[in-house]
Structures are given as C-alpha cells and as structure tokens.
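*Asks:* Heads up: the sequence lines are chains E and B, in that order. Converting from the first sequence to the numbering used here requires adding 848 to each position, the first position being numbered 1. Converting from the second sequence to the numbering used here requires adding 16 to each position, the first position being numbered 1.
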Amino acid sequence: AQKVTQAQTEISVVEKEDVTLDCVYETRDTTYYLFWYKQPPSGELVFLIRRNSFDEQNEISGRYSWNFQKSTSSFNFTITASQVVDSAVYFCALSDLGAGGSEKLVFGKGMKLTVNP
Amino acid sequence: EAGVVQSPRYKIIEKKQPVAFWCNPISGHNTLYWYRQNLGQGPELLIRYENEEAVDDSQLPKDRFSAERLKGVDSTLKIQPAELGDSAVYLCASSPTESVFRETQYFGPGTRLLVL
Chain E
849 AQKVTQAQTE
859 ISVVEKEDVT
869 LDCVYETRDT
879 TYYLFWYKQP
889 PSGELVFLIR
899 RNSFDEQNEI
909 SGRYSWNFQK
919 STSSFNFTIT
929 ASQVVDSAVY
939 FCALSDLGAG
949 GSEKLVFGKG
959 MKLTVNP
Chain B
17 EAGVVQSPRY
27 KIIEKKQPVA
37 FWCNPISGHN
47 TLYWYRQNLG
57 QGPELLIRYE
67 NEEAVDDSQL
77 PKDRFSAERL
87 KGVDSTLKIQ
97 PAELGDSAVY
107 LCASSPTESV
117 FRETQYFGPG
127 TRLLVL
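1) Which class does THR857(E) belong to by DSSP, given the choice of helix, strand or coil?
2) Buried or exposed: SER860(E), going by 16 or more other Cβ atoms within 10 Å of its Cβ?
3) Could you give the DSSP three-state label for ILE934(E): helix, strand or coil?
4) DSSP beta-bridge partners for GLU874(E)?
5) Going by Cα to Cα distance, which pick from ASP944(E), ILE897(E), SER935(E) is closest to GLU858(E)?
6) Looking at C-alpha atoms only, which residue of LEU129(B), VAL131(B), PRO125(B) is the closest neighbour of ASN40(B)?
7) Given that PHE925(E) touches chain B, what residues does it touch there, using C-beta distances under 7 Å?
8) For ASP102(B), name the three-state secondary structure that DSSP assigns.
9) One question on the structure: do ALA849(E) and GLU874(E) come within less than 9 Å of each other, judged by their Cβ atoms?
10) Return helix, strand or coil for SER919(E), following the three-state DSSP convention.
11) With a CB to CB cut of under 6 Å and the five nearest residues on each side skipped, what residues in its chain are close to PHE37(B)?
12) Counting C-beta neighbours from all protein chains within 10 Å, is the total for ASP866(E) 16 or more, i.e. buried, or is it exposed?
13) Counting only Cβ pairs nearer than 7 Å, list the residues of chain B close to SER890(E).
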C-alpha cells in the first residue's frame with residue numbers, strides 16, 4: 849500500500865540557516881510520482897515540484913533543492929539560507945497506480961517549518 | 017491564469033445544520049477533486065470528477081455528504097446534517113487530464129469549517 853512518512857512534525861530555525869525536510873515513501877509500483885507542496889498560513893497548497901521514479905537526478909531551484917534516492921525510498925527537500933517567508937507546513941506526496949489500478953495521491957502528515965528572524 | 021477558486025473561505029455552523037462549499041477549477045482542467053484536511057494531517061481525497069462523472073467517491077461518507085459537478089466545470093460539496101467531527105478544511109483541486117497518476121494537482125485556498 850502507498851504510504852508517505854514525514855517523521856519530523858515541526859522544526860524551528862533562525863533565518864539564514866539551512867534546513868532539510870525528510871520524506872520516506874512506500875510503494876509496490878516501479879512507476880510513481882513524488883511531489884512537494886507548501887501550505888502557508890493562508891491555507892492554499894502550493895505546488896513546488898514533481899519527480900517521476902525514473903528520474904533520480906537531484907534538482908535545484910533557487911534556494912530549494914531536492915534529493916531523490918530510490919535505494920532508501922527518500923525524497924528530501926532542503927531550503928538553503930532560510931527566510932521568514934519560508935515559514936509554512938510542507939507536505940510530501942506520492943502518486944502511483946495503486947491496487948487494481950486505482951490512481952491516488954497520498955500525502956504525508958506534513959512538517960511545520962518556522963523561520964525566526 | 018486564475019487559480020482554483022473556493023468559497024466561502026470560512027464557515028461556522030451549529031451541528032445538524034446543512035452546509036455547502038463551492039469550487040471553480042482552473043479553466044480547461046477536466047479533473048476536479050475534493051479533499052478534507054483535518055488539523056495536523058495531510059489532505060485526504062473525498063471524491064474525484066472527470067468532467068461531470070464522479071469516478072472515485074469511495075472515501076465520501078455518502079450518508080451525509082453529496083457532491084455535484086453538473087456542467088463539468090464548477091462543483092458543489094454539501095454536508096447535511098453536519099456533525100462536530102466534520103470540522104476541517106475542505107480543499108478543492110484540479111488537474112488538466114484524468115490521469116491522477118501523472119498530473120500535478122493545483123489546489124484552492126480551502127474552506128475552513130467549524131461545527132459547534
């Protein structure tokens with residue numbers, strides 16, 4: 849069955865610190881997609897990245913970077929030089945075909961990041 | 017391009033009252049989703065529409081929840097009667113095609129429901 853685990857529930861850092869958000873997933877499929885979403889206090893889930901299971905290249909976008917490792921079933925997210933505006937809840941999510949071809953997007957429980965000035 | 021629009025943003029009702037939420041997806045997106053997000057949890061799917069058809073409503077509590085997407089665009093989610101445990105954020109999302117598997121879902125701001 850699909851499962852996404854975000855072991856950290858809450859992290860607090862001081863501005864300009866680097867912070868890594870962990871995500872571990874479980875799936876029986878060989879083809880799947882992984883996502884990160886950001887949910888600021890306003891409530892809207894903002895899409896950050898999508899990665900398919902065949903592309904293990906790490907990705908960098910500005911201060912954001914993602915490390916995908918199939919060997920450990922992890923898709924970790926690092927924010928470099930954090931800023932107060934990065935304060936939000938971050939969700940990792942997995943989509944696969946599921947049992948019987950039932951496609952579904954499954955979210956982790958989220959990790960609340962607080963960046964203090 | 018406008019994002020997913022939801023209304024109302026907040027709703028406070030007494031238990032046993034009915035409540036309805038409205039969603040307008042991104043223009044051109046055929047697939048629409050309703051999720052429920054309990055406090056401290058990730059969103060969980062309630063129902064998925066492909067155009068007008070509800071193709072996955074397995075997680076929708078059908079005794080009190082109903083949804084419709086009459087013209088394949090806007091959608092309404094209703095709860096009648098509401099219970100205390102229904103307090104949550106109700107999120108609407110849309111994606112361009114029917115492939116849940118491949119497509120990125122784009123979310124609206126949600127409706128925060130409080131049942132007293």
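A virtual CB, placed ideally from N, CA and C, is assigned to each residue, including glycine.
*Replies:* Taking the structure as given:
1) coil
2) exposed
3) In the sequence as presented, Ile is not what sits at residue 934(E); that position holds Asp. Residue state, collapsed to three classes: helix.
4) LYS851(E)
5) SER935(E)
6) PRO125(B)
7) Near PHE925(E) there are no residues of chain B at all, since even the closest Cβ is about 15 Å away, more than 7 Å.
8) helix
9) yes
10) helix
11) LEU93, TYR106, THR127
12) exposed
13) PRO125
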